[in-house]
């Protein structure tokens, strides 16, 4: 952690954002990983009762039952979020791996704690 | 109706296409030109083997019967895939490093490469999968019959050779044998099979979507019209809202589907074993849920159209076919049939492949290898036998599935068999998931948990289903075990009124988890279990583990080579040993038989026969297996070590910060000292200048009078000479004092410490100062009582202190004036001086009734030349400015302290604390 941080900041930002925030931006690897871990739990919560029962109503939205719209809506949203997260995580993983080999050659194979 | 021959031809062409596709892929992979096969897209599509004919036909049937519940079957895997970062990534990483060949192998490897666990899991998987395979055959024949018309039976009731199921079974067996058991490669991947099932996944999605779109826009006029039709019929309410009390079934089917996505042998095969690149998971994580969502989108439209526009009494499981047929669209019906065929065949292919690997590795291989034929010194080649076993297993599995299908005929609807099969696969979940997160889970715990879960599954789910169909256990289900009503399989411990599935899953999973946890806590793991559990649980920790060194074994290279040759064939054995020798840097093809080589060979064998068999094979030729305690502890401690490292780093940075702070402080002190030195020098030069100037000017006057001829009076001359002498003396005194204080500060001064009477010394000092006091008209007195005050001190130095303090008290007193009290200075005992023996210090006060010291100078009076406050008494400029600093230095050197006790309008009090003589003696 201690040694990887400056490395992360050195690397170009995958989305090209964060430049304006400059050096104050923390490397968001931890945040990304936490989000990836929490995503399934979040989906599980919204597709289980009682949340799902809230949308079990006799109303139609442009001809389609609210329940269908809700289930497929959160489903699609979760897929979208997962896709975005997966792309960035993969990107980061590859950079991390590259950084690790760099580090390993630099300090003679010392491991770094994750 | 379509002609039978036509449909058969199309189906045969389709299957032929699969063979061709697999063949081409295998050829391309051999040439190393199959980059497309190793793409995340193909990987994702191969996961879609999850969607069997149970999805293709059964999901619509399930929706028509039970409403929206079918969605959970696709939402469950979505949740698991979305959580790839937590679980799937770990499973893939472990399987990679451990060369896992199946789910049974995985669980067994986790629990110390236990042969009993892998055999048990294999048995459970076969029992749970056979009905599911037969279900696929049933779906194919049912769809075939629907397509060609019911004039002639082509299903399980018909003549054996007229049965479509037989031909499907035979072609599937041929396919799996051809492409699933070609050789025992370096890994357990089957690119031909993967390519074929990926292709089938595309076909089934497209054909299902075609039927779905037809239902939406061909039969109805879009979604609005469709749901309006559904709303008109209250019997269809379950298609857009939940029935009463849906919650428990919803949650349970969601759980089962999620677990099935990992624990079904075929899903584990495609997701974990066939995974060629861990990064493919990142794509599959969202793309596979998308596939599932797309296929689910069309289920409800098809079900609504089937329920509203087809004649009542039709089989909802076949709506996918009957909707196009009833609308006269036979082409679309044929597409739907091909889609169903692809869904069924892909499942049969992967399931029989996965099961055959498990049967040959975990059931047959351990038995064969125990026998004399394969274990003796002249044992025959095993690799051929293993492949033969695998092929026979495939035939056996498909035969069992076919027989089951022939025996059950048209029984249960598709969905219920599917869910019971899911529930049996879910029994692997506790051992699997706890195994990769909980290091304490033991082999006995896993074994007992699996047995308990599977037994309760059989009792509460399988037996009632069989009884319902009227085949067996009818008495048991009606009356309970041994006639005890409390043990009735569908109302265990009086839990009547529950949905049978919820009831069975609840009891089996809770029994499984409870037994696993309790037995694990009561038993302790063997060393090999500890090793494996540490490797599994910490699989995602970065860095390479030195596992190789953990197991100390010795074997000859010759034995190892012969073993490898026997199991993997001569060619592979040669390759493995040559490569390893090269890595060791040896010229010949025989590597040195160190423990890492033995571990490496064991892993290579495991990739063919499974971890448990490989271990038992190697154990037979390797001697003296001990697990190095140090290595084991090192591996177990890997995590702790990481924590320790980061803590050490943290500590180091903290130390650095502290050091930096200290350095800053020291720097500030140095700067202050530097400034003080400059001040000191400028003050010293100033102090020296004053007497020098006056000496010079008076000597000039004396010399000049000779020249000018204006003679001075002798009195004047005398006065000038006196001034010169006084100033010289002052100069000398000043230099003496500077030398004195610098000697004291550097610790070079010599001290003669002895027991002296402080009162006596104070009186002497007062006597010395009486002249100056009389001059300044200040009254001096001593009030120290009659008794001596014994202190340990240097008498001369102590007198100097009193003299200095009294001189200040005289000099800085106010001048005698009317209206003011008479100026006084006196020495008295301080409050602590009353009991000199107790505190170790004696306190004496030197007091005056002068004007006091201004606030801003109270501290600086003790610094050199700080003679700042207005001198009012005595001769102006007489003080050197070193009196108080010297006095403080003396008292401190004597082991006491000198402070300004109080000051104000009533005067100032300086406190001199000295070590009492008794205290010195005690030391």
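Residue numbers (my numbering), protein chains in the order written: chain A, 1 to 114; chain B, 1001 to 1923.
No residue lacks a Cβ here, since even glycine has one placed at the ideal position from N, Cα and C.
Please list the terminal residues of the continuous alpha helix (DSSP H) segment that includes residue i.
i                       : result
residue 1740 of chain B : 1714–1746
residue 1539 of chain B : Where residue 1539 of chain B is concerned, there is no enclosing alpha helix (DSSP H), given that its DSSP letter is neither H nor E.
residue 1559 of chain B : 1557–1568
residue 1297 of chain B : 1280–1297
residue 1456 of chain B : 1443–1457
residue 1590 of chain B : Counting along the chain, residue 1590 of chain B falls outside any alpha helix (DSSP H), and DSSP gives it neither H nor E.
residue 1503 of chain B : 1500–1522
residue 1404 of chain B : 1383–1408
residue 1064 of chain B : 1059–1066
residue 1889 of chain B : 1883–1893
residue 1343 of chain B : 1330–1358
residue 1167 of chain B : 1164–1180
residue 1786 of chain B : First-last for residue 1786 of chain B: undefined, no H or E at that position.
residue 1242 of chain B : Taken as a continuous stretch (DSSP letters only), residue 1242 of chain B belongs to no alpha helix (DSSP H), as it is neither H nor E.
Using the rule of at least 16 other Cβ atoms within 10 Å of the residue's Cβ for burial, across every protein chain shown, is residue i buried or exposed?
i                       : result
residue 1191 of chain B : buried
residue 1512 of chain B : buried
residue 1915 of chain B : buried
residue 1503 of chain B : buried
residue 1817 of chain B : exposed
residue 1669 of chain B : exposed
residue 1358 of chain B : buried
residue 1660 of chain B : exposed
residue 37 of chain A   : exposed
residue 1786 of chain B : exposed
residue 70 of chain A   : buried
residue 1136 of chain B : buried
residue 986 of chain B  : It is not possible to answer for residue 986 of chain B, since the shown part of chain B is limited to 1001 through 1923.
residue 1147 of chain B : buried
residue 1598 of chain B : buried
residue 1169 of chain B : buried
residue 1652 of chain B : exposed
residue 1837 of chain B : Low per-residue confidence applies at residue 1837 of chain B: pLDDT is 49, beneath 50, and the placement is therefore not dependable enough to give any value.
residue 1870 of chain B : Confidence is the limiting factor: at residue 1870 of chain B the pLDDT is only 44, short of 50, which leaves the residue's position unreliable, though a coordinate-based value still follows. Exposed is the call here.
Check for me: the beta strand (DSSP E) holding residue i runs from which residue to which?
i                       : result
residue 1913 of chain B : 1907–1915
residue 1904 of chain B : 1897–1904
residue 1780 of chain B : 1779–1783
Looking at the strands, I want to know which residues DSSP matches up with residue i.
i                       : result
residue 1841 of chain B : B:1915
residue 1829 of chain B : B:1844
residue 1754 of chain B : B:1793
residue 1824 of chain B : B:1779
residue 64 of chain A   : A:61
residue 1108 of chain B : Looking at the DSSP assignment, residue 1108 of chain B forms no beta bridge with any residue, so it has no partner.
Pairs of beta-carbons, one from the segment 1344–1355 of chain B and one from the segment 1111–1119 of chain B, closer than 8 Å: are there three or more? no
Closer than 9 Å, Cβ to Cβ, to anything on chain A: give me those residues from the segment 1038–1060 of chain B, in chain order. none
With three or more C-beta pairs closer than 8 Å as the rule, is the segment 1589–1606 of chain B touching the segment 1556–1571 of chain B? yes
Mind listing which residues of the segment 1251–1278 of chain B have their C-beta closer than 8 Å to chain A's C-betas, in chain order? 1251, 1254
According to a CB-to-CB cut-off of less than 9 Å, which residues of the segment 78–90 of chain A neighbour chain B? 78, 79, 80, 81, 82, 83, 84, 85, 86, 87, 89, 90
Residues in the segment 1065–1079 of chain B having any Cβ partner in chain A nearer than 9 Å: 1068, 1071, 1072, 1074, 1075, 1078, 1079
Within 8 Å of chain A by C-beta, residues of the segment 1379–1403 of chain B in sequence order: none
If you pair each beta-carbon of the segment 1856–1865 of chain B with each one of the segment 1758–1768 of chain B, do three or more pairs fall below 8 Å? no
Which residues, in order along the segment 1290–1318 of chain B, keep a beta-carbon less than 9 Å from a beta-carbon of chain A? 1290, 1292, 1293, 1296, 1297, 1300
Assess contact between the segment 1060–1077 of chain B and the segment 1220–1229 of chain B, defined as three or more Cβ pairs (one per stretch) separated by less than 8 Å. Is contact present? no
Is the segment 1435–1442 of chain B in contact with the segment 1489–1501 of chain B, if contact means three or more CB pairs nearer than 8 Å? no
Interface residues of the segment 1208–1229 of chain B facing chain A [CB-CB below 9 Å]: 1222, 1223, 1224, 1225, 1226, 1227, 1228
Return the residues of the segment 1890–1920 of chain B that lie within a Cβ-Cβ distance of less than 7 Å from chain A, sorted by chain order. none
Counting pairs of Cβ atoms below 8 Å between the segment 1525–1532 of chain B and the segment 1486–1495 of chain B, do you hit three or more? no
Which residues, in order along the segment 47–74 of chain A, keep a beta-carbon less than 9 Å from a beta-carbon of chain B? 47, 48, 49, 50, 52, 53, 56, 57, 58, 60, 62, 63, 64, 65, 66, 67, 68, 71, 72
Pairs of beta-carbons, one from the segment 1295–1311 of chain B and one from the segment 1040–1060 of chain B, closer than 8 Å: are there three or more? yes
For the segment 1730–1752 of chain B, list every residue whose C-beta sits within 9 Å of some C-beta in chain A, in sequence order. none
Do three or more CB pairs link the segment 1324–1342 of chain B to the segment 1233–1249 of chain B at distances below 8 Å? no
Do the segment 72–80 of chain A and the segment 31–47 of chain A make contact, defined as three or more Cβ pairs closer than 8 Å? yes
Give a yes or no on contact between the segment 1027–1036 of chain B and the segment 1248–1258 of chain B, applying the rule of three or more CB pairs nearer than 8 Å. no
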